[in-house]
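Contents: one structure, followed by commentary.
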Amino acid sequence: MKTMNKTSIHSLSVIAAALVALSTVALPTSVSFAQDRFANVEVKATPIKGAVHMLTGMGGNIGVSAGEDGVLIIDDQFAPLAEKIAAQLGELGSDKPKYVINTHYHGDHTGSNAFFHSHKGATIFAHENVRVRLAGDENVEPDALPTITYEDGIKIYFNNETVHVMHLPVGHTDGDSVVWFEQPNVMHTGDLFFNGMFPYIDQGAGGNVVGYMESVQHLLTKIDDNTMIIPGHGGVGTKAEYTTFLNMINETFDYVKALKQKGKSLDEVKAMGLEDKWATWSWNFINEEKWISTLYNDA
Numbered sequence: 003m004k005t006m007n008k009t010s011i012h013s014l015s016v017i018a019a020a021l022v023a024l025s026t027v028a029l030p031t032s033v034s035f036a037q038d039r040f041a042n043v044e045v046k047a048t049p050i051k052g053a054v055h056m057l058t059g060m061g062g063n064i065g066v067s068a069g070e071d072g073v074l075i076i077d078d079q080f081a082p083l084a085e086k087i088a089a090q091l092g093e094l095g096s097d098k099p100k101y102v103i104n105t106h107y108h109g110d111h112t113g114s115n116a117f118f119h120s121h122k123g124a125t126i127f128a129h130e131n132v133r134v135r136l137a138g139d140e141n142v143e144p145d146a147l148p149t150i151t152y153e154d155g156i157k158i159y160f161n162n163e164t165v166h167v168m169h170l171p172v173g174h175t176d177g178d179s180v181v182w183f184e185q186p187n188v189m190h191t192g193d194l195f196f197n198g199m200f201p202y203i204d205q206g207a208g209g210n211v212v213g214y215m216e217s218v219q220h221l222l223t224k225i226d227d228n229t230m231i232i233p234g235h236g237g238v239g240t241k242a243e244y245t246t247f248l249n250m251i252n253e254t255f256d257y258v259k260a261l262k263q264k265g266k267s268l269d270e271v272k273a274m275g276l277e278d279k280w281a282t283w284s285w286n287f288i289n290e291e292k293w294i295s296t297l298y299n300d301a
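Residue 3 is where the sequence shown starts when you use this note's numbering, and the numbers rise one by one after that.
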């Protein structure tokens, strides 16, 4: 792998709200029901390579470096899961991560920031726009804000590995970062990769389809066939799977763009739908209709 160069405020998370709302709508005890959903979530650790592990639970995948220097984590899911995440980190070496890196501002990636900062003493790193967006949300407590920000990126030397933190200008949001663990050749893409799923592109927070594709293409030039990829959502991926993901976006975008240029309305394109080969990419948050809307808005 080549060495990489450093390079409307929404609510805390559209995704967070949607995931909870899907199960709480029309229920008079929605708050307790949502808590029950988190109560039943199991946080699991999967070893990747070198000092790197992945934690899964509910929300964005968490990257972990655990070794003699301590623990570093990438993203931290929802606040109600903080203690479960800490417990699993304890199994890997320490429930007090020294560093938390946020790949972007959405609540399913930053929800436990305050817990790890105020209760565990972690230093939070993120792109400057992540801090700006979190600070602009009255529901986000000050302890959740990144304490160290950057414009292009930084390097962290930790657990005998070089951790490259790099900002991508436009993609999922305007504050995206990816993290590459150089020695084991593992990359955490944040939400610049939804493995096998239509991605969520936050068009109200600086994200757009063309920028997203450009960011993915850039990352593909920096990895090789041996790189293991921790996506924002979905299972651990490879360069081949990341290429398939980009091809899906390219093809569906060209398809919707052509129909829009022929004068088709959004509703007409939704009624026509995408080709059958993309049916398996639809999921509960970004189904085919929502993906078509995303593509049509930027076409």
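C-beta atoms are modelled at their ideal positions from N, C-alpha and C, and glycine is treated no differently.
Predicted model only: the values in this text are computed from it and were never measured.
Under the 8 angstroms Cβ criterion, the segment 64 to 80 counts as touching the segment 179 to 192, having at least three qualifying pairs. DSSP assignment within the segment 208 to 274 yields the following whole beta strand (DSSP E) runs of 3 residues or more, N-terminal first: 230 to 235. Pairing TYR159 with HIS129 gives a Cβ-Cβ distance that is not under 8 angstroms.
Spatial neighbours of GLY123 in its own chain (CB-CB distance under 7 angstroms, excluding positions within 5 residues in sequence) are listed in chain order as LYS98. Spanning the alpha carbons of THR48 and ASN162 requires a straight line of approximately 20 angstroms. Listed in chain order, the beta strand (DSSP E) runs fully inside the segment 76 to 159 are 101 to 103, 125 to 129, 150 to 152, counting runs of at least 3 residues.
Judged by DSSP in its simplified three-state form, ASP278 adopts helix. ASP193 sits in a strand when the DSSP states are folded into three classes. The residue among GLU243, LEU222, GLY52 with its C-alpha nearest the C-alpha of MET199 is GLU243. Under the three-state reduction of DSSP, LEU74 is assigned to strand. The beta carbons of HIS220 and ASN63 sit no closer together than 8 angstroms. In the DSSP assignment, no residue is bridged to GLY52. GLY65 places its beta carbon 8 angstroms or farther from that of VAL211. In terms of Cα proximity to MET274, the closest of GLU290, GLN263, ASN286 is GLU290. At the C-beta level, MET230 and TRP283 stay beyond 8 angstroms of one another. DSSP, reduced to helix, strand and coil, places TRP182 within a strand of the structure shown. In the DSSP annotation of this structure, the continuous segment of the beta strand (DSSP E) that includes GLU163 starts and ends at 163 to 169. Between LEU297 and PHE247, the C-beta gap is not smaller than 8 angstroms, which leaves the two residues out of contact. When ASP38, MET60, SER179, ASN299 are compared, the shortest CA-CA separation from LYS46 is found for MET60. Counting along the chain, the unbroken alpha helix (DSSP H) around SER295 starts and ends at 290 to 300. When the alpha-carbon of HIS108 is set against those of VAL258, GLY209, ALA301, the nearest one is in GLY209. Secondary structure note for SER67: its beta strand (DSSP E) is the uninterrupted segment 64 to 69. The beta carbon of PRO186 sits closer than 6 angstroms to those of LYS51, GLY52, VAL54, all from its chain and outside the five residues before and after it, given in chain order.
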